[in-house]
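Report on the following structure.
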Amino acid sequence: MGIKVGLVGLGQFGSAFVSLFAGHPLVDKLVLCDTRSARVAEMLSGHGLDLGSGSLDELLGTDVDAVALFTQPWRHSRQVLACLAAGKHVYSAVPPVYRADGDGAVALDECDALVKEVERSGLVYMLGETTVYRAETVYCRERAAAGDFGEIVYGECEYWHDIDAPSCSLRDVAQTRWGESWDQHLSGGVPMHYPTHAMSSMVSIMGARVTKVSALGFACSGDDWYTGETVSGNRFGDQVAFVRMSNRATVRHMESRRIGHPGREGMRVIGTRGCFLDDVGGPKWTTVNGWERIDLGVVRTDLAAASVAHQGGHGGSHPYLVDEFVRSCYEQRTPAISVWDAVRFLAPGIVAHMSSLRDGEWLEVPDWGDPVP
Ligand SMILES: NC(=O)c1ccc[n+]([C@@H]2O[C@H](COP(=O)([O-])OP(=O)(O)OC[C@H]3O[C@@H](n4cnc5c(N)ncnc54)[C@H](O)[C@@H]3O)[C@@H](O)[C@H]2O)c1
512 MGIKVGLVGL
522 GQFGSAFVSL
532 FAGHPLVDKL
542 VLCDTRSARV
552 AEMLSGHGLD
562 LGSGSLDELL
572 GTDVDAVALF
582 TQPWRHSRQV
592 LACLAAGKHV
602 YSAVPPVYRA
612 DGDGAVALDE
622 CDALVKEVER
632 SGLVYMLGET
642 TVYRAETVYC
652 RERAAAGDFG
662 EIVYGECEYW
672 HDIDAPSCSL
682 RDVAQTRWGE
692 SWDQHLSGGV
702 PMHYPTHAMS
712 SMVSIMGARV
722 TKVSALGFAC
732 SGDDWYTGET
742 VSGNRFGDQV
752 AFVRMSNRAT
762 VRHMESRRIG
772 HPGREGMRVI
782 GTRGCFLDDV
792 GGPKWTTVNG
802 WERIDLGVVR
812 TDLAAASVAH
822 QGGHGGSHPY
832 LVDEFVRSCY
842 EQRTPAISVW
852 DAVRFLAPGI
862 VAHMSSLRDG
872 EWLEVPDWGD
882 PVP
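The letter at position 311 of the sequence shown is residue 822 when you use this note's numbering, and the numbering goes up by one with no holes.
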């Protein structure tokens, strides 16, 4: 017998996961949930499903074993705590915690509460960070484990997404997510408060955590989005952090929302024996003897749910995330992207923003320990 899952949030992102959960061999029952009833009806009929729910509260009163949250970022923290309190395993889209207001101090408190509640409950919490299952991250993680980098000296990671990118306008995303509550004062969110796509690559490849960070911000002249006259008070459309890792490596982490580039979630890893480089020319492996192109299309062959391996965006990561979450619930074990990993991906960005408000002051990054097996 498999598990019963509720999928909450049928917006742009959550909709892409319906067929993956529905088609997973260990999912016996799938309930689709959104406060927008028309959206629930549309998705049920589109996928040949028949179980719907009108709110998370209602869903938590049913017999589902696990809840997968694809709701707005600022809802994650409170909704995850509600799921755990109701005895449900929980998957959360990124970021694990998000505050529209303030410098991030409250968000760090919320990280603390999240970890403590997962520890208290003994339930599965998994963060759906797509970068962890991108082929380049999997490739580098395997080469790091094999010792091919030698000692990792330096890394670079970045999430570049201009707010007016033709492929995905962040102005439209923000207004869709806030819906009727949208107000111009909600514009100008902090780039470093969405750091997990970039930082997760470094943490997971190096198997190390960030110990301290120094960051600076760039305020674009005459910016109409990052005005400072908003609930976040933020003026920075671009932020760059210099990071010390617990394995002694240095990392440069860049979050850009004002950038003349079509968009990128990417990284480079520099080791004493080998390097992973990636740019418009494609991914390469280098040593002192030269370089070779890498075919990342053949990297991941380990997906147990092979029937769904061809589906999914964000570098083909979606089916891997779903498979890992479902299996960790079924096997009652700590998932590959646990709550302790989640806060290691997030806290460095929150502290980086605090540093950029203090002109690059070096600040210690809190840590909640290694994943508990
Ligand atoms: N690469 C990635 O990992 C990636 C990419 C895109 C989005 N995301 C994340 O996915 C999440 C969703 O993004 P989106 O663009 O689809 O947002 P969205 O606003 O389009 O969708 C959110 C949906 O959740 C529903 N919802 C909210 N609270 C609810 C409740 N209590 N009960 C039932 N339904 C509820 C809303 O009605 C809405 O339909 C965000 O947190 C975002 O950060 C991650």
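Think of the CB as a built atom: it goes at the ideal place given N, C-alpha and C, for glycine as much as any other residue.
query: Cβ of residue 856 versus every heavy atom of ligand 1: is any distance shorter than 6 Å?
result: no
- prompt: If we ignore side chains and look at the alpha-carbon of each, how far apart do residue 783 and residue 716 end up?
  reply: 15 Å
- prompt: So the beta strand (DSSP E) residue 794 belongs to, where does it begin and stop?
  reply: 793–798
- prompt: Looking only at its own chain, which residues have a Cβ that is under 6 Å from the Cβ of residue 755, when we skip the five neighbours before and after it?
  reply: 722, 723
task: Tell me whether residue 544 counts as near ligand 1, meaning its Cβ is closer than 6 Å to at least one heavy atom of that ligand.
output: yes
task: Kindly identify the DSSP beta-bridge partner or partners of residue 756.
output: 721
message: ligand 1 and residue 682: does the residue's C-beta get closer than 6 Å to at least one heavy atom of that ligand?
response: no
message: Give me, in chain order, the residues of the same chain whose beta-carbon lies closer than 7 Å to that of residue 816; leave out the 5 immediate sequence neighbours on both sides.
response: Residue placement at residue 816 is poorly supported in this model, since its pLDDT is 49, which falls under 50; the coordinates still yield a value, given next. Result list for residue 816: 535, 536, 830, 834, in chain order.
Residue from 836, 871, 873 with nearest C-alpha to residue 637: 836
- prompt: Are there three or more Cβ pairs, one per stretch, closer than 8 Å when the segment 777–796 is compared with the segment 742–751?
  reply: no
- request: Taking residue 841 as the reference, give the member of 635, 656, 618, 862 with the closest Cα.
  value: 635
task: Below 8 Å on the Cβ atoms is my guess for residue 713 versus residue 778; work out the distance and round it to an integer in Å.
output: 7 Å
task: Give the secondary structure of residue 618 by DSSP, where H, G and I count as helix, E and B as strand, and everything else as coil.
output: helix
- prompt: Are the segment 667–674 and the segment 697–714 touching, with three or more C-beta to C-beta distances below 8 Å?
  reply: yes
task: Could you check what DSSP says for residue 512 in three-state terms: helix, strand or coil?
output: coil
message: Rounded to whole angstroms, what is the Cα-Cα separation between residue 547 and residue 565?
response: 7 Å
- prompt: Taking the alpha carbon of residue 865 as the point to measure from, which residue in 753, 616, 642, 691 has its own alpha carbon closest?
  reply: 616
query: Assuming residue 604 and residue 580 make a contact with CB atoms under 8 Å, what is their CB distance in whole Å?
result: 6 Å
field: Uninterrupted beta strand (DSSP E) stretches inside the segment 662–726 (no shorter than 3 residues)
entry: 663–671
- prompt: Among 735, 655, 602, 608, which one has its Cα closest to the Cα of residue 585?
  reply: 608
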